[in-house]
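Visitor: Pasting in a structure now, in C-alpha cells, and then I'll have a few things to ask.
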Amino acid sequence: MSILDELILQDSRAGATTCSKCIKAVDTLYQCQDCFYPKLHCRTCMLMAHQHLPLHRILALGLVVLLNHSSNPCPGAVETIWDFIVINVSGIHILNLSIYKCYQMGLPTTLCNQLLRHQLFPATLKLPQATFTFNLLNMFYLLTLQSKIAVFDFYHATEQQTDNVGVKKLPDYYERFLNVMHVWCNLMCAKQPGCRHDPQGVLDTAPGQCTVECLACPHPRVNLPNNWDRAPLQQKYVNMYLTNGHKTYSFSKVDILTYINNGCQFPAQKQRMHYQE
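So that you can map any letter, position 264 of the sequence shown is 244 in my numbering, and since no number is skipped, the others follow by simple counting.
So this is what it looks like as C-alpha cells:
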C-alpha cells in the first residue's frame, strides 16, 4: 500500500465489525484521534478506556470527568458542571466535570483548588467556567522565549487545532488567556527562585531577587580578576562592555499597565527615579 492509502485507511473502519476490546459485534464503532493506538471500540469500552484521559475527544459519548479522590467516585456530595471549557495544546475541549464537596482532610474544597490540583489553571477565580492546562501555559512560555511568537498567533493556532475551517462557533477566551499568562509568568518568577520558601513569604521578596544575573556582565569574585578595582584608570574598565539594544524604545501604553509585583525581577522604579534625577 502507498503512503496515501495508509492515510486514507486511518479515516475508515478497515472492515472492522467488532469491538477490539470486548470482541462484541456492534453497529457503531468509535476511534479516538488522540490515542497512540487508534483502535475501534464500542461505546462502553471507549468510555472505560478514557476515564483518565479527559482531553481526548469523546464528549458525544457522555464522559464525565471526576476531579475528586484521584478520579475515583466520591462517597460524599458531588456536583456536576456541564459544558466546562478546557483549553489545551491539542485544542479547545468541552467537558463535563464532577467536583466533590465531602471536605475530607487534606483535600481541596474550592473549585479553583480542585482544578489546580489537576493541573488546570482557571480563567477566573470566581465561578470559573473555563481553564487552561499547565501544558498549554508552559508551551507558550517556551515558544515566546524561543521563537517570540505573539499571543494572538498562538491562541488562534490552538483554535485551529479544534476547527481549522471555521465551521464551529468556538468560545473566545483570548483576553482571559492574556491575563492568565501574565499571572502565570509572575507565579513562575516567584516559584523558580524559591521565594515561596522564604519564612517571610513572597511579599518579602527584595527588588531584583528573582533576576538571574547576566553571565556576560562583569561580576566581582565571579568573572573579574582579583584586585580589578586597583588597576590603572586606563585598564580599569577594559572588561566591561555596555550596550543598549533598545536604544530609544518607549511604550505608548505605560499608563494602563498593571504590575503584579514591584520589581522583584528588574527594579524599574529605582531606575526610573535615577533617570528623573
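The C-beta atom is built at its ideal place from N, Cα and C for all residues, glycine as well. Here the structure is a predicted model, which is why all the values come from computation and not from measurement.
Anyone know if the C-beta pair for phenylalanine 134 and phenylalanine 114 falls short of 8 angstroms?
Guide: Residue mapping note: residue 134 aligns to position 154 of the sequence shown, counting from 1. Residue mapping note: residue 114 aligns to position 134 of the sequence shown, counting from 1. Not in contact: phenylalanine 134 and phenylalanine 114 (Cβ atoms no closer than 8 angstroms).
Visitor: Could you check how far apart the C-beta atoms of glutamine 141 and glycine 71 are, in whole angstroms? I think they sit under 8 angstroms.
Guide: Position 161 of the sequence shown, counted from the start, is the residue given in the question as residue 141. Position 91 of the sequence shown, counted from the start, is the residue given in the question as residue 71. With a Cβ gap of about 4 angstroms, glutamine 141 and glycine 71 count as contacting.
Visitor: Thinking C-alpha only, which one of Pro198, Val66, Ala137 and Leu75 is nearest threonine 60?
Guide: For the purposes of this step, residue 60 is taken as residue 80 along the sequence shown, with counting starting at 1. If we check each option's Cα against that of threonine 60, Leu75 comes out closest.
Visitor: Under 8 angstroms, do proline 151 and isoleucine 65 count as touching if we go by C-beta distance?
Guide: As a working note, residue 151 is residue 171 in the sequence shown. As a working note, residue 65 is residue 85 in the sequence shown. For proline 151 and isoleucine 65, yes; Cβs fall inside 8 angstroms.
Visitor: What's the call for alanine 110, buried or exposed, on a 16-neighbour Cβ count within 10 Å?
Guide: In the sequence shown, residue 110 corresponds to position 130, counting from 1. With 16 or more Cβ atoms within 10 Å of its Cβ, alanine 110 is classed as buried.
Visitor: Would you give the residue range spanned by the alpha helix (DSSP H) that tyrosine 154 belongs to?
Guide: One-based indexing of the sequence shown puts residue 154 at position 174. Run containing tyrosine 154: 154 to 171, per the alpha helix (DSSP H) assignment.
Visitor: State the Cα-Cα distance for the pair serine 0 and valine 44, rounded to the nearest angstrom.
Guide: Indexing the sequence shown from 1 puts residue 0 at position 20. Indexing the sequence shown from 1 puts residue 44 at position 64. Their Cα atoms are separated by approximately 23 angstroms.
Visitor: Using the Cβ count rule (16 or more neighbours within 10 Å means buried), how would you classify phenylalanine 157?
Guide: The residue given as residue 157 occupies position 177 in the sequence shown. Per the 10 Å Cβ criterion, buried.
Visitor: Using 8 angstroms as the threshold, is the C-beta distance between cysteine 175 and threonine 185 below it?
Guide: Here the question's residue 175 lines up with position 195 in the sequence shown. Here the question's residue 185 lines up with position 205 in the sequence shown. Against a cut-off of 8 angstroms, the Cβ pair of threonine 185 and cysteine 175 comes out as a contact.
Visitor: What alpha helix (DSSP H) runs, 4 residues minimum, are completely inside the region 88 to 117?
Guide: Fully enclosed alpha helix (DSSP H) runs of 4 or longer: 91 to 97.
Visitor: Quick check on DSSP: helix, strand or coil for leucine 75?
Guide: As a first step, residue 75 must be located in the sequence shown, where it is residue number 95. Correct three-state label for leucine 75: strand.
Visitor: Can you give me the Cβ contacts of aspartate 143 inside the same chain, cut-off strictly under 7 angstroms, excluding the 5 residues immediately before and after it?
Guide: The sequence position of residue 143 within the sequence shown is 163, counting from 1. Excluding residues within five positions, the ones whose Cβ falls inside 7 angstroms are Leu150.
Visitor: How would you label isoleucine 3, buried or exposed, when you count the other beta carbons within 10 angstroms and need 16 or more for buried?
Guide: For this step, residue 3 is matched to residue 23 along the sequence shown. With fewer than 16 other Cβ atoms within 10 Å, it is exposed.
Visitor: According to the Cβ coordinates, are proline 212 and leucine 204 closer than 8 angstroms?
Guide: As a working note, residue 212 is residue 232 in the sequence shown. As a working note, residue 204 is residue 224 in the sequence shown. No, they are not a contact pair.
Visitor: Please name the residue in Pro200, Leu47 and Gly146 whose C-alpha comes closest to that of arginine 97.
Guide: On the sequence shown, position 117 is the one that residue 97 refers to. Per the Cα distances, Leu47.
Visitor: Quick one: measure Cβ to Cβ for valine 145 and leucine 116, integer angstroms, because I've assumed they're closer than 8 angstroms.
Guide: To locate residue 145, count along the sequence shown from 1; it is residue 165. To locate residue 116, count along the sequence shown from 1; it is residue 136. No, valine 145 and leucine 116 are not in contact; Cβ-Cβ is about 22 angstroms, not under 8 angstroms.
Visitor: Bridge partners of alanine 59, per DSSP?
Guide: Position 79 of the sequence shown, counting from 1, holds the residue named residue 59. For the record, residue 59 in the displayed sequence is glutamate; it is not alanine. Glutamate 59 is bridged to Ile79.
Visitor: Which word fits methionine 161, buried or exposed, when buried means at least 16 other C-beta atoms lie within 10 angstroms of its C-beta?
Guide: In the sequence shown, counting from the first residue as 1, residue 161 sits at position 181. By the neighbour-count rule (16 or more Cβ atoms within 10 Å), methionine 161 is buried.
Visitor: Any chance the CB of glutamine 214 is under 7 angstroms from a heavy atom of the ligand FAD?
Guide: Inclusion of the ligand FAD in the displayed structure is not the case, the ligand content being empty and no account of it being possible.
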